[in-house]
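Student: Let me give you the structure first, and then I'll get to my questions.
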Amino acid sequence: MSNHGGADMYQEVRLWKNPRERERYDNMADVFSIITTLQALEKAYIRDVVESAEYTKHCEKLLAKFSAAFRQIEGDFNQIEEFAHKYKLDCPAALLRIREGRPITIRDDRGNMGKAIAETVALIINLMDKLRLNIRANDMLQTDVRELLDVINRMNLIPSNYIGREKIPYWLNILTNMNAAEEITDDQARQFQMDLDICFTEFNRLLSAN
């Protein structure tokens, strides 16, 4: 009995038929790898696993690599979102970083100041509203606090002595060291709300001065 049929089962299956097709698949693999790595880096930064300087260096390098790699497959995909959808990539943070074209730590001084101001106001008001509604749980507060600090750090409008640069990191540090379901105390909530009010008033003063 011939065993050729069994041997065929173990033959290598190639995705390409010629060198050009092989290069195409290699290029797509490069893009896939860069996006998944960038997603992991964004999550690491959000969780304070990587320092800002290290994050910025690696993020800039990945964005540069992505720009070069995606040019090789633009004939197949008009936008990176099409690529992510086709290959079922769950990478919202990486896609956002690619759209913005810069690390989140790079200050926003390229025409997006209005958006950053609106985000700052919305985040402060949202946090104050949550505290007024007696929302105390860490997992209901920390994301907004972290986003607020990131937005503030990106704006050249905000001077180094802005009180929010002291108050917001203070509260983020408290929340970071709590479990998700843990709640801040009533006294902490009262102090937090007062600090936010001071930050908001000072922020509006800075806007008026500029």
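Mapping the sequence shown onto UniProt numbering, position 91 (from 1) lands on 91, and the numbers just tick up by one.
In this text, a Cβ means the ideal position worked out from N, Cα and C, and glycines have one as well.
All figures in this text were calculated on a predicted structure; none of them were measured in a lab.
Taking the straight line between their C-alpha atoms, what separation do you get for Glu42 and Arg132?
Tutor: Taking the straight line joining both Cα atoms gives about 31 Å.
Student: At a threshold of 7 Å, does Ile163 count as lining the ligand COA (C-beta to nearest heavy atom)?
Tutor: Only the bare structure without any ligand can be found here, which leaves the ligand COA out of the picture.
Student: In whole angstroms, what is the alpha-carbon distance linking Asn78 and Thr143?
Tutor: Going by the C-alpha atoms only, they are around 32 Å apart.
Student: Note down the Cα distance separating Phe83 from Phe70, rounded to an integer number of angstroms.
Tutor: When rounded, the distance between both Cα atoms is 10 Å.
Student: Mind checking whether Leu135 and Phe200 have CB atoms under 8 Å apart?
Tutor: Sequence inspection shows Ile at residue 135; the Leu mentioned does not correspond to that position. Cβ atoms of Ile135 and Phe200: not closer than 8 Å.
Student: What separation, rounded to the nearest whole angstrom, lies between the Cα atoms of Glu21 and Arg146?
Tutor: One C-alpha to the other measures close to 44 Å.
Student: For Met9, name the three-state secondary structure that DSSP assigns.
Tutor: Note that Met9 has pLDDT 49, beneath the 50 cutoff, so the model's placement of it is unreliable and the number below is only indicative. Met9 falls in the coil class under three-state DSSP.
Student: Can you list, in chain order, the stretches of the alpha helix (DSSP H) that have 4 or more residues and sit fully within the region 9–93?
Tutor: Correct list: 19–46, 52–71 and 80–86.
Student: Arg154 to Ile117, Cα distance in whole Å?
Tutor: Each residue's alpha carbon lies about 10 Å from the other.
Student: Per DSSP, Glu183 forms a beta bridge with which residues?
Tutor: Its beta-bridge partners are Ala137.
Student: Helix, strand or coil: which one does DSSP assign to Met155?
Tutor: Met155: strand per DSSP, three-state reduction.
Student: Provide the residue span of the alpha helix (DSSP H) that contains Asn173, from first to last.
Tutor: Residues Gly164 to Thr176.
Student: Any contact of the region 51–66 with the region 166–182, i.e. 3+ C-beta pairs under 8 Å?
Tutor: No, the region 51–66 is not in contact with the region 166–182.
Student: Below 8 Å, can you find three or more Cβ-Cβ pairs linking the region 60–69 to the region 24–31?
Tutor: Short answer: they touch.
Student: Check whether the Cβ atoms of Leu196 and Leu141 lie closer than 8 Å to each other.
Tutor: Cβ atoms of Leu196 and Leu141: not closer than 8 Å.
Student: What's the C-alpha gap between Asp129 and Ile184?
Tutor: Approximately 15 Å, taken between the alpha carbons.
Student: Going by DSSP in three states, Arg102 sits in which element: helix, strand or coil?
Tutor: It is coil, neither helix nor strand.
Student: In whole angstroms, what separates the C-alpha of Thr120 from that of Lys61?
Tutor: Looking at the two C-alpha atoms, the distance is approximately 28 Å.
Student: The alpha helix (DSSP H) that contains Asn126, what's its start and end?
Tutor: Its alpha helix (DSSP H) spans residues Met113 to Arg132.
Student: Could you check how far apart the C-beta atoms of Tyr162 and Pro103 are, in whole angstroms? I think they sit under 8 Å.
Tutor: Not confirmed; about 21 Å, so no contact.
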